[in-house]
Amino acid sequence: MAKRAFDCFRLGTKLCSQISRNSQSIYSSKRFSSLSLKRQNEYSKASPFISRFTSNTPKAPWMETELKTPLSEFSNKQQQKNDDQKSRDDSWRKMKYSLIAMGAALGICGGTAAYTLGRPKRDEEGNIIEDEFSKLPVIQQFFKRMFHEIEYYNKMIKEPSRDKLLPDPVKHPYFQPPYTLVLEMTDVLVHPEWTYQTGWRFKKRPGVDKFLEQVSAPNFEIVVYTAEQGLTVFPILDSLDPNGYIMYRLVRDATDFVDGHHVKNLDCLNRDLKKVIVVDWNSTSVKLHPNNAFLIPKWNGNDDDTTLVDLAAFLRTIAANEVEDVRDVLVYYRQFENPIEAFRDNQRRLLEQMEERDKYNKDKKQNPPLTSRWASSFLNR
1 MAKRAFDCFR LGTKLCSQIS RNSQSIYSSK RFSSLSLKRQ NEYSKASPFI
51 SRFTSNTPKA PWMETELKTP LSEFSNKQQQ KNDDQKSRDD SWRKMKYSLI
101 AMGAALGICG GTAAYTLGRP KRDEEGNIIE DEFSKLPVIQ QFFKRMFHEI
151 EYYNKMIKEP SRDKLLPDPV KHPYFQPPYT LVLEMTDVLV HPEWTYQTGW
201 RFKKRPGVDK FLEQVSAPNF EIVVYTAEQG LTVFPILDSL DPNGYIMYRL
251 VRDATDFVDG HHVKNLDCLN RDLKKVIVVD WNSTSVKLHP NNAFLIPKWN
301 GNDDDTTLVD LAAFLRTIAA NEVEDVRDVL VYYRQFENPI EAFRDNQRRL
351 LEQMEERDKY NKDKKQNPPL TSRWASSFLN R
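Numbering (UniProt numbering), first residue to last: 1 to 381.
Spelled out as structure tokens, the structure:
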């Protein structure tokens, strides 16, 4: 009897493990609900004796782990997988429609721009104005005109807005200053500062009022030439120069756009370059005419700055000596890292030489040489 019970227990254990494996395979094929119950009923009807023994027989831990897998967990995972796939499909569908709409919008805008740029111009009465492309085929006309207009706008952005940035020099009996002084505004005359409390503010450089007064007419024609926008420049200069020492103001539209930088083009200045001095701190902005540039250190907003005092002395020295070609002087000072300091040293040495010469002449008058005294006494006899 004990042997028979042991055989029945072993057979029941084997059947239970087979049921668990069949149940798992049925789970993965999404047909577990009806088939698993049907097979369990068949096994229980086929051997009631085995089911009686196996129901009361303790199961192994590994069997309990396999049989405890809930059906709802698998169902939730499958549902989540389906939801993710659905969301991915919706995202791809939306992105596809967005790309189609964007392509259509770009095509419409491009076609409109091509038609606007390529169509022939008309007069006030609506008649077509003949141009150099009118005798070409229609499609070729549109393309030629379109490329011509694109080149025109590209040139307008990269080159100065006009050929003559300044009016012609005045003639006698009116007075024209002999030299033209071109000044950068940012970090030469003013320094921009930004804070959370005040936003953008421009700090006036120490001594700028006296500087403009000393280098204005009759010696210099002052021109502010900067790459800033006119909406920024004009209000600042109105506050900086209430006396009107600055005669002309040139802003971004008067510059050349070269290699990603706005460059000052002195060829369009309508002045003799022998008499033009450009004061700036950025060598890139004057790279078209480096011989006319006098580069000074960039002002960072410190209150103990005295650069404009020495700069005014340098410019007055050029005007006093009536230098024929200022480029010779500027090329000499270009070799120094700080030309203002070099000029200050030259002025100091010049003053020392002048003092020594004056002292020598004074001593020479007070103590004449012995030969001159003999000659004077001999002639008196």
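Even for Gly, the Cβ is constructed at its ideal location relative to N, Cα and C. Quantities reported herein were computed from a predicted structural model and do not represent experimental measurements.
- The closest CA to that of residue 332, considering only 303, 292, 354, 264, is found on 292.
- Within 10 angstroms of the beta-carbon of residue 126 lie fewer than 16 other beta-carbons, which makes it exposed.
- Put simply, of 185, 198, 82 the residue whose alpha carbon is nearest the alpha carbon of residue 308 is 185.
- Residue pairing by DSSP places residue 118 in no beta bridge whatsoever.
- From the listed residues 354, 319, 138, the smallest Cα separation to residue 219 is found for 319.
- Between the alpha carbons of residue 328 and residue 268 lies a distance of about 21 Å.
- The closest CA to that of residue 249, considering only 222, 134, 163, 77, is found on 222.
- About 5 Å separates the beta carbon of residue 165 from that of residue 254, a gap short enough to meet the 8 Å contact definition.
- Under DSSP, residue 262 takes part in a beta bridge, and its partners are 257.
- The Cβ atoms of residue 294 and residue 330 sit closer than 8 Å to each other.
- Residue 215 places its beta carbon 8 Å or farther from that of residue 205.
- Sequence-distant Cβ neighbours of residue 94 in its own chain, meaning closer than 8 Å and more than five residues away, do not exist here.
- Counting every other CB atom within 10 Å of its CB across the protein chains shown gives residue 261 a total below 16, marking it as exposed.
- Between the segment 103 to 121 and the segment 76 to 87, the count of C-beta pairs closer than 8 Å stays below three; the two stretches do not touch.
- As computed with DSSP, residue 221 is found in a beta bridge with 180.
- In this structure, DSSP gives residue 192 an extended state, which the three-state scheme calls strand.
- Excluding residues up to 5 positions away in sequence, 187, 281 lie with their Cβ nearer than 6 Å to the Cβ of residue 298 in the same chain.
- Short of 8 Å from the beta carbon of residue 160, and not among the five residues preceding or following it, lie these beta carbons of its own chain, in chain order: 253, 254, 255, 256, 265, 268.
- Assignment of beta-bridge partners to residue 199 by DSSP yields 195.
- Beyond the five residues adjoining it in sequence on each side, residue 247 comes within less than 7 Å, by CB distance, of 221, 222, 223 in the same chain, given in chain order.
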